[in-house]
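Novice:
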Amino acid sequence: MNIPPYWVRAERRIGDYTCRLNGFSHSSMQAAWKMLQQHADIMQKFFASTPTAASAQRMRAALRKLRGQDGDTYEACLLEPVWRAVNAENIITRNRYGALVINSTDTCFADVDTAPASLWEQVKGLFGAGTPPERRLLDVMRQIHAEHPRLSMRLYRTAKGWRVLLSGAGIELGSPLVDTLFSRLHVDPLYSGLCRRQACWRARVTPKPWRLNLPRCPRPASSEEAPAALAEWVQEYERACEGRAVCRLVESFGPRMQGEIPALHDELCGVHLHRDTLV
Numbered sequence: 009m010n011i012p013p014y015w016v017r018a019e020r021r022i023g024d025y026t027c028r029l030n031g032f033s034h035s036s037m038q039a040a041w042k043m044l045q046q047h048a049d050i051m052q053k054f055f056a057s058t059p060t061a062a063s064a065q066r067m068r069a070a071l072r073k074l075r076g077q078d079g080d081t082y083e084a085c086l087l088e089p090v091w092r093a094v095n096a097e098n099i100i101t102r103n104r105y106g107a108l109v110i111n112s113t114d115t116c117f118a119d120v121d122t123a124p125a126s127l128w129e130q131v132k133g134l135f136g137a138g139t140p141p142e143r144r145l146l147d148v149m150r151q152i153h154a155e156h157p158r159l160s161m162r163l164y165r166t167a168k169g170w171r172v173l174l175s176g177a178g179i180e181l182g183s184p185l186v187d188t189l190f191s192r193l194h195v196d197p198l199y200s201g202l203c204r205r206q207a208c209w210r211a212r213v214t215p216k217p218w219r220l221n222l223p224r225c226p227r228p229a230s231s232e233e234a235p236a237a238l239a240e241w242v243q244e245y246e247r248a249c250e251g252r253a254v255c256r257l258v259e260s261f262g263p264r265m266q267g268e269i270p271a272l273h274d275e276l277c278g279v280h281l282h283r284d285t286l287v
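Each residue of the sequence shown is one higher than the one before, counting from 9 in the working numbering.
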């Protein structure tokens, strides 16, 4: 999980092109600005002559090296304001549209938009006789529980689908068990890929602002500017979030989930509100 506390974004005209540049650091704003300038220098060199496939490859390699991504593994950097650092494994950030997101390396979150269905269920569904999606998802989780009784699992209903929380032995980023469970639960492959690139699981825990009829969230140019740039919007957003719920608990399986994050997730999501309308 790479969430630097110092970052900066800027657009600069380089030759005939407008380039989006960024820099980040775990040590200081000065280091973040230095990286942004190095990013600009790499782009300047690239556009100094007619771009070719070879020069584009060299440019990408230089950017990867600059960002510390030139090894065998790739870990995307999340340039989001930190709302709360719970511990080294769990950091809550405010995403690009203003909602709070838990980023975790020890509690697995997975959003499911389409419940698992066998071929026979799909055929029956064509005639309106299929099993309700939530029941199908619960059936799969019961099967998983029977095979892995020591795993802790929770199923939540969200505005557009479901969310699954998983914890226990074998629930690790990139583990074969997680890949298998994600496949059985029909977790979006795009989400699975993002988890691998970002080296963490992510779960939105406050409402999407457009569901509250709020204006677009400002996009701060740097971590330094973020508190002041977002203050007025966040105040209005928090007022609009009062009494709203992101998800509600459907069922739990296995041992009680340990640690601070599952309880914090439920608190921030408003699970205790028992709302029928989710946002």
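Glycine included, C-beta positions come from ideal geometry on N, C-alpha and C.
Per DSSP, residue 91 forms a beta bridge with which residues?
Specialist: For this step, residue 91 is matched to residue 83 along the sequence shown. According to DSSP, residue 91 bridges with nothing at all.
Novice: Are at least three pairs of beta-carbons, each pair with one atom in the stretch 100-116 and one in the stretch 171-186, less than 8 Å apart?
Specialist: Output reads yes: the stretch 171-186 touches the stretch 100-116.
Novice: In whole angstroms, give me the CA-to-CA distance for residue 153 and residue 189.
Specialist: If you number the sequence shown from 1, residue 153 lands on position 145. If you number the sequence shown from 1, residue 189 lands on position 181. Cα-Cα distance, rounded: 11 Å.
Novice: Could you give the uninterrupted runs of the beta strand (DSSP E) lying entirely in the stretch 160-223, keeping only those of 3 residues or more?
Specialist: 160-166, 170-175 and 209-212
Novice: Let me check understanding here. Comparing Cα to Cα, which of 39, 51 and 37 lies closest to residue 24?
Specialist: Your numbering for residue 24 matches position 16 in the sequence shown. Of the listed residues, the one whose Cα sits closest to residue 24 is 51.
Novice: Could you name the residues of the same chain whose beta carbon sits closer than 7 Å to that of residue 121, not counting the 5 residues immediately before and after it, in chain order?
Specialist: By 1-based counting over the sequence shown, the position of residue 121 is 113. Correct list, in chain order: 168, 169 and 196.
Novice: Based on Cα-Cα distance, which residue from 192, 34 and 163 lies nearest to residue 265?
Specialist: Counting from 1 along the sequence shown, the entry for residue 265 is found at position 257. Among 192, 34 and 163, the Cα nearest to that of residue 265 is on 163.
Novice: Taking only three categories from DSSP, how would you classify residue 22?
Specialist: By 1-based counting over the sequence shown, the position of residue 22 is 14. Here residue 22 carries a strand assignment [DSSP, helix/strand/coil].
Novice: Could you give the DSSP three-state label for residue 107: helix, strand or coil?
Specialist: Walking along the sequence shown from the start, residue 107 turns up at place 99. Assignment of residue 107 by DSSP, reduced to helix, strand and coil, places it in the coil class.
Novice: Just grab the DSSP bridge partners of residue 253 for me.
Specialist: Taking the sequence shown and counting its residues from 1, the one referred to as residue 253 is at position 245. Paired residues: 286.
Novice: What does a CB cutoff of less than 7 Å around residue 13 pick up in its chain, not counting 5 residues either side in sequence?
Specialist: For the purposes of this step, residue 13 is taken as the residue at position 5 of the sequence shown. The answer, listed in chain order, is 34, 90 and 231.
Novice: Hey, how far is the Cα of residue 135 from the Cα of residue 285?
Specialist: Here residue 135 refers to the residue found at position 127 when the sequence shown is read from its first residue. Here residue 285 refers to the residue found at position 277 when the sequence shown is read from its first residue. Because residue 135 sits at a pLDDT of 41, beneath the cut-off of 50, its placement in the model cannot be relied upon, and the point is left open.
Novice: Tell me, to the nearest whole angstrom, how far the beta carbon of residue 110 is from that of residue 269; I am working on the premise that it is less than 8 Å.
Specialist: For the purposes of this step, residue 110 is taken as residue 102 along the sequence shown, with counting starting at 1. For the purposes of this step, residue 269 is taken as residue 261 along the sequence shown, with counting starting at 1. Yes, residue 110 and residue 269 are in contact; Cβ-Cβ is about 7 Å, under 8 Å.
Novice: On the CB-based measure, 16 or more other CB atoms within 10 Å of its CB, does residue 166 come out buried or exposed?
Specialist: Locating residue 166 in the sequence shown gives position 158, counting from the first residue. So residue 166 counts as buried.
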